[in-house]
Amino acid sequence: MGVDDSLFGPVSRTQVLQMALAEVVGTGMLIFLGCMGTVVGMAHGGGHPHLLVAFAFGLTVMICIQIMAHISKAHLNPAVTFALVVIGDLNVPLAGIYIASQVIGATLGYGVLMAITPDYILKEHSPNGTCCAMCVTLVHPEMTALQGLLAEFLVTSILVLVVCSVFDRRNAHNTDSVSIKFGLTVAAIAMNEGPYTGGSMNPARSFGPAVWTGVWQNHWVYWVGPLAAGLLTSAFYRFVFGVPPVHPPAPQETDQGVPLTGVRDGRDESNTK
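Under the UniProt record's numbering, the very last position in the sequence shown is 273; numbers go up by exactly one each time.
Below, the structure written as structure tokens:
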């Protein structure tokens, strides 16, 4: 049975549930596997290798998109969901379900990671400290919160531009291997911006670890920056570059009522075999 078009659009209740579960599982996998990369680094003593963490998240994004894209388009990120609302790919009520699912998934994913992580690692990187809670995103101590906010806004804007270009129908011929492209995009941004704020680009990614560790230092940066980028950068793309309609316009009709698409060289092909 379909859901009222005024609420979710032409999507059945079953499809809404499937999409929500895909976002829960996908975002949970993102945090579980991505943050597991920080645990592997810790096991080698000292700090974790920066490149390892960047690749861990990038490759995990690739996996999650490959698994979930055909079900929910694998947003996995409230900033991405915001962007797709702006460019007209998603309506607001369904976006609310997506974001709630992403937050739940991120929280569950980090909880599962904590459950299988040895106690000595959890204690060694105690959340009572100021910089070493496992996989928590923090603004560099030499940066101000506003600098961190700007950094998150800028790098999330790059991600959003990639999202908008992928969902642009004019770019349909370049959408092969989308999962790899997104994974490498995330890895590249995390490699470069990670030392500044952790390279979150994703409020849900920062929220899950914060819930379990209790580290909320400058946490608002990881919501305001990415969500502002999701809204403003996608609006820039839509109104500057233009976004073709998701659904093509209905065929025009001639005076005889025959669609123009069924006429060629003056012959009516509407009944041709």
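Where is the CB? At the ideal position from N, CA and C, for every residue including glycine.
Contact under 9 Å by Cβ, residue i with residue j
{"i": "R205", "j": "I87", "result": "no"}
{"i": "V80", "j": "V215", "result": "no"}
{"i": "Y196", "j": "F207", "result": "no"}
{"i": "A210", "j": "V136", "result": "yes"}
{"i": "M62", "j": "S179", "result": "yes"}
{"i": "Y72", "j": "Q147", "result": "In the sequence as presented, Tyr is not what sits at residue 72; that position holds Ser. Result no, Cβ atoms of S72 and Q147 do not sit closer than 9 Å."}
{"i": "A83", "j": "L184", "result": "no"}
{"i": "Q102", "j": "V39", "result": "no"}
{"i": "G26", "j": "G105", "result": "yes"}
{"i": "L59", "j": "M68", "result": "no"}
{"i": "F153", "j": "G198", "result": "no"}
{"i": "L113", "j": "F32", "result": "yes"}
{"i": "M191", "j": "H50", "result": "yes"}
{"i": "V155", "j": "I189", "result": "yes"}
{"i": "A151", "j": "E193", "result": "yes"}
{"i": "D168", "j": "V243", "result": "yes"}
{"i": "G34", "j": "L52", "result": "no"}
Cβ neighbour criterion (16 or more within 10 Å) applied to residue i
{"i": "P78", "result": "buried"}
{"i": "T144", "result": "exposed"}
{"i": "E142", "result": "exposed"}
{"i": "F241", "result": "exposed"}
{"i": "S234", "result": "buried"}
{"i": "G46", "result": "Because G46 carries a pLDDT of 49, less than 50, the predicted location of this residue cannot be relied on, and the following value inherits that uncertainty. That one is exposed."}
{"i": "N174", "result": "exposed"}
{"i": "Y120", "result": "exposed"}
{"i": "L159", "result": "buried"}
{"i": "T107", "result": "buried"}
{"i": "G96", "result": "exposed"}
{"i": "L149", "result": "buried"}
{"i": "T203", "result": "This sequence places Pro at residue 203; Thr is not what is there. The residue in question, P203, is buried, as its Cβ has 16 or more Cβ neighbours within 10 Å."}
{"i": "A74", "result": "buried"}
{"i": "A115", "result": "exposed"}
{"i": "S157", "result": "buried"}
{"i": "A172", "result": "exposed"}
{"i": "V92", "result": "exposed"}
{"i": "T213", "result": "buried"}
{"i": "S200", "result": "buried"}
{"i": "V16", "result": "buried"}
Start-to-end residues for the alpha helix (DSSP H) that takes in residue i
{"i": "W212", "result": "P203 to T213"}
{"i": "Y98", "result": "V92 to I116"}
{"i": "C164", "result": "A145 to F167"}
{"i": "W223", "result": "V221 to F236"}
{"i": "G198", "result": "That residue, G198, is in no alpha helix (DSSP H); it is neither H nor E in DSSP."}
Chain C within 9 Å of residue i, Cβ atoms only
{"i": "Y222", "result": "Given the protein chain composition of this structure (a single chain), no chain C is represented."}
Any alpha helix (DSSP H) of 4 or more consecutive residues that is wholly inside the region 18 to 86: Segments of the alpha helix (DSSP H) lying fully in the region 18 to 86: 50 to 72 and 78 to 86.
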